[in-house]
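S.K.: One structure follows; several queries about it will come next.
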Amino acid sequence: RKEVEQDPGPFNVPEGATVAFNCTYSNSASQSFFWYRQDCRKEPKLLMSVYSSGNEDGRFTAQLNRASQYISLLIRDSKLSDSATYLCVVVGWGNQFYFGTGTSLTVIP
Amino acid sequence: GAVVSQHPSWVICKSGTSVKIECRSLDFQATTMFWYRQFPKQSLMLMATSNEGSKATYEQGVEKDKFLINHASLTLSTLTVTSAHPEDSSFYICSAMDSRSYEQYFGPGTRLTVT
Chain V
1 RKEVEQDPGP FNVPEGATVA FNCTYSNSAS QSFFWYRQDC RKEPKLLMSV
51 YSSGNEDGRF TAQLNRASQY ISLLIRDSKL SDSATYLCVV VGWGNQFYFG
101 TGTSLTVIP
Chain Z
1001 GAVVSQHPSW VICKSGTSVK IECRSLDFQA TTMFWYRQFP KQSLMLMATS
1051 NEGSKATYEQ GVEKDKFLIN HASLTLSTLT VTSAHPEDSS FYICSAMDSR
1101 SYEQYFGPGT RLTVT
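So the protein sequences, as listed, match chains V and Z. If you read the first sequence in our numbering, its first letter stands for residue 1, the second for the next number, and so on. If you read the second sequence in our numbering, its first letter stands for residue 1001, the second for the next number, and so on.
As structure tokens, then:
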């Protein structure tokens, strides 16, 4: 079983829609969680950290569910500029970073 | 956010030559840096973890004698692709970890083409 599993999509949504991605992880001892965004042919950029209490940054909300071992990213009021690949990252003991394969999002006008 | 630079951003080399890629954390110290490779339309693949002052830890299947990593200071790690071959052509990305937050900050990547 992979350390981190993520639905690759693609997700094609109209502008203004709300879209959510989930990412499951296998190691219950995982410590830290992040969502990154990667545009085509560019490096990943940190979108947001995921805290136990959940966190919100504008149209983006990230949540952690330790009991079910998944993290989620919710994007409200999608913009064309949100089109990208979204990567989840899970950090285990010893600073082991595990990346999901990424979820492709295309926002359609 | 923190800044990580990578140099060169793009390189073309002939088969059999070696290429060195530098990764620098510009505004924070990074005891741990990571090197990734990414093929078109595929996810990042971790190649190795670079720890300042010690040997790098390579992922399974990554040849340590081919991909030499040196992390001599808290702000610089280098990856040398030795005796490059066309199949080594890829997008190489480094990242530096902020040890306080565990957040990784990525360099802009180096596109290597071996002819």
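Every residue, glycine too, gets a C-beta built ideally from N, C-alpha and C.
Please confirm if S49 (chain V) has its CB atom under 8 Å from at least one CB of chain Z.
M.R.: Yes, S49 (chain V) lies at the interface with chain Z (some Cβ there is under 8 Å from its Cβ).
S.K.: How big is the Cα-Cα spacing for P1108 (chain Z) and K45 (chain V)?
M.R.: Approximately 10 Å, taken between the alpha carbons.
S.K.: Can you say whether I1021 (chain Z) is buried or exposed, counting buried as having 16 or more other CB atoms within 10 angstroms of its CB?
M.R.: Per the 10 Å Cβ criterion, buried.
S.K.: Strictly below 7 Å CB to CB, what residues from chain Z border T101 (chain V)?
M.R.: Ordered by position in chain Z, the residues that pass the 7 Å Cβ test against T101 (chain V) are S1043.
S.K.: State the CB to CB distance for the pair F33 (chain V) and T103 (chain V), rounded to an integer number of angstroms; the pair is presumed to be in contact (CB under 8 Å).
M.R.: The pair is not a contact, with the Cβ atoms about 15 Å apart (cut-off 8 Å).
S.K.: Quick one: list the residues of chain Z neighbouring F110 (chain V), beta-carbon separation under 7 Å, in chain order.
M.R.: Nothing about residue 110 (chain V) can be reported from this structure: the residues present for chain V run from 1 to 109 only.
S.K.: Exposed or buried, which one is C71 (chain V) when buried takes at least 16 other CB atoms within 10 Å?
M.R.: Just to set this straight, residue 71 (chain V) is Ile in the shown sequence, not Cys. I71 (chain V) comes out buried.
S.K.: Any beta carbon of chain V sitting closer than 8 Å to that of G1109 (chain Z)?
M.R.: Closer than 8 Å: yes.
S.K.: Quick one, which of Z:T1115, Z:H1007, Z:Q1038, Z:K1014 has its alpha-carbon nearest S1025 (chain Z)'s?
M.R.: Cα-wise, what sits closest to S1025 (chain Z) is Z:H1007.
S.K.: For P109 (chain V), which residues in chain Z fall below 7 Å Cβ to Cβ?
M.R.: The contacting residues do not exist; P109 (chain V) stays about 23 Å from chain Z at best.
S.K.: Which same chain residues end up closer than 6 Å to Y98 (chain V) when comparing Cβ atoms and leaving out the 5 residues on each side of it in sequence?
M.R.: So the qualifying residues of the chain are E3, V4, V90.
S.K.: Counting contacts by CB-CB distance shorter than 8 Å, is K45 (chain V) in contact with chain Z?
M.R.: Output row for K45 (chain V): interface = yes.
S.K.: What residue range does the beta strand (DSSP E) around G92 (chain V) cover?
M.R.: From DSSP, the beta strand (DSSP E) with G92 (chain V) extends over 84–92.
S.K.: When the distance is taken between beta carbons, is D57 (chain V) closer than 8 Å to M48 (chain V)?
M.R.: In this structure, D57 (chain V) lies closer than 8 Å to M48 (chain V) by Cβ.
S.K.: Rounded to whole angstroms, what's the CA-CA distance from S1009 (chain Z) to A67 (chain V)? Just pull it up for me.
M.R.: Cα to Cα, the separation comes out at about 42 Å.
S.K.: Give me the DSSP bridge partner(s) of E56 (chain V).
M.R.: Bridge partners of E56 (chain V): V:T61.
S.K.: Are the beta-carbon atoms of G100 (chain V) and Q31 (chain V) separated by less than 8 Å?
M.R.: Going by C-beta atoms, G100 (chain V) is not nearer than 8 Å to Q31 (chain V).
S.K.: For P1086 (chain Z), which residues in the same chain have their Cβ closer than 6 Å to its Cβ, ignoring the five residues on either side in sequence?
M.R.: The answer, listed in chain order, is V1114.
S.K.: Can you tell me the Cα-Cα spacing of V1062 (chain Z) and M1047 (chain Z), whole angstroms?
M.R.: Answer to the nearest angstrom: the Cα atoms are 6 Å apart.
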